[in-house]
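Taking it in order: structure first as structure tokens, then the write-up.
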Amino acid sequence: MINQGSEGTLVFKHGETLRTIEIPIVDDLKTRRDECFEIELANPEGGAKLGRITKMAITISNDDEFNSVLQRMMVMTTHNIKSMQVHHETYKTQLESVNSP
């Protein structure tokens, strides 16, 4: 699905040189290729001027496969750690059981 994008106004206060744009990303859990879009600054007002670079390309890397592998590794690690446990008691309960008649 190709989104036609959107536009808006980015307001800089006097002397500001940095602003943040929030871009919502919806994870639909479908395996896809990397997704790309562009951000372009244009039409400055109020005497403002744009620098030499006015357009930027953003790539969102597909991490679905990575997350699946990571999840499997976490499950295996948890299983292995549980199987290596020797005692299920705390140090306190172990000491109390040794010292009790």
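Numbering (the working numbering), first residue to last: 16 to 116. Quick reminder that beta carbons are idealized off the backbone N, C-alpha and C, glycines included.
Point to revise | Per DSSP, cross-strand counterpart(s) of T69 | key: T69 pairs with nothing; no bridge assigned.
Review point. Is T24 helix, strand or coil by DSSP?
Key: DSSP places T24 in coil when its eight states are reduced to three.
Exercise for review: Determine the DSSP secondary structure at T92, reduced to helix, strand or coil.
Suggested key: DSSP places T92 within a helical segment (H, G or I) once states are collapsed to three.
Check your understanding: Under three-state DSSP, which class holds E37?
Key -> Coil at E37, not helix or strand.
Review point. What first and last residue would you give for the alpha helix (DSSP H) that runs through E145?
Key: As displayed, the chain neither begins before 16 nor continues past 116, which places residue 145 out of reach and without an answer.
Review point. Taking the beta strand (DSSP E) that E53 falls in, what are its first and last residues?
Key: E50 to E55 is the span of the beta strand (DSSP E), which, as asked, contains E53.
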